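Participant: Here the sequence shown stands for residues 9 to 128, numbered as in the numbering used here. For each residue, glycine too, the CB sits at the ideal point set by N, CA and C. A quick note: this is a predicted structure, and the numbers were derived from the prediction, not measured. One structure follows; several queries about it will come next.
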Amino acid sequence: MQTPNELKYAASHEWLAPDGTVGISDFAQDQLGDVVYVELPEVGRVVTAGETVAVVESVKTASDIYAPASGTIVAVNDQLSGTPELVNSGPYSDGWLFKLDVTEESGDLMDAEEYVAANG
Numbered sequence: 009m010q011t012p013n014e015l016k017y018a019a020s021h022e023w024l025a026p027d028g029t030v031g032i033s034d035f036a037q038d039q040l041g042d043v044v045y046v047e048l049p050e051v052g053r054v055v056t057a058g059e060t061v062a063v064v065e066s067v068k069t070a071s072d073i074y075a076p077a078s079g080t081i082v083a084v085n086d087q088l089s090g091t092p093e094l095v096n097s098g099p100y101s102d103g104w105l106f107k108l109d110v111t112e113e114s115g116d117l118m119d120a121e122e123y124v125a126a127n128g
C-alpha cells in the first residue's frame with residue numbers, strides 16, 4: 009500500500025495534500041475495485057470537514073467521499089468524467105478528486121505512519 013509521507017489521511021480514506029488537493033488512498037481504491045464513475049462537487053461550494061462532497065462508484069459499490077478539511081472547492085479533476093479509472097491507476101497523481109482552499113483541517117487527520125498502522 010502506497011502512503012506518501014507528505015499527505016494527511018482521514019479514517020474514511022481520503023487524503024489531503026499541503027496544497028489542498030484531495031483524493032482517496034491507494035488502500036481505498038484497492039478496496040473499491042475498478043472505478044467506473046466519479047461524481048464531483050461544484051467549484052465554489054463551501055464545505056465543512058466530514059461533509060459528503062463526492063461519490064466514487066466502482067463495479068462493487070458506491071462510496072461517499074468526505075471533505076478532510078473545511079474550505080471552498082476551487083477545482084475539480086474534470087479528467088475523471090471520461091477516465092474514472094485514473095482513481096485506480098494514480099490515486100495520488102492523475103486520480104485526484106478536487107482541490108480545497110482550506111480554512112480549517114479536521115483534527116482527526118493522520119500522518120502516513122498512523123494511517124498505515126490503522127489499515128495495515
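1) Compute the Euclidean distance between the alpha carbons of A77 and S20, then round it to the nearest angstrom.
2) In the DSSP assignment, what are the bridge partners of S71?
3) Threshold first: 3 residues or longer. Then list the beta strand (DSSP E) segments lying entirely within the segment 99-126, N to C.
4) Going by alpha carbons, who is nearest to Y74 out of Q37, G31, E112 and V51?
5) Please list the terminal residues of the continuous alpha helix (DSSP H) segment that includes A36.
6) So, do the segment 32-45 and the segment 78-86 have three or more beta carbon pairs nearer to each other than 8 angstroms?
7) What's the C-alpha gap between V63 and F106?
8) For the alpha helix (DSSP H) holding L94, just list the boundary residues, first then last.
Facilitator: Quick look at the numbers:
1) 13 angstroms
2) V64
3) 106-113
4) G31
5) D34 to L40
6) no
7) 12 angstroms
8) L94 to S97
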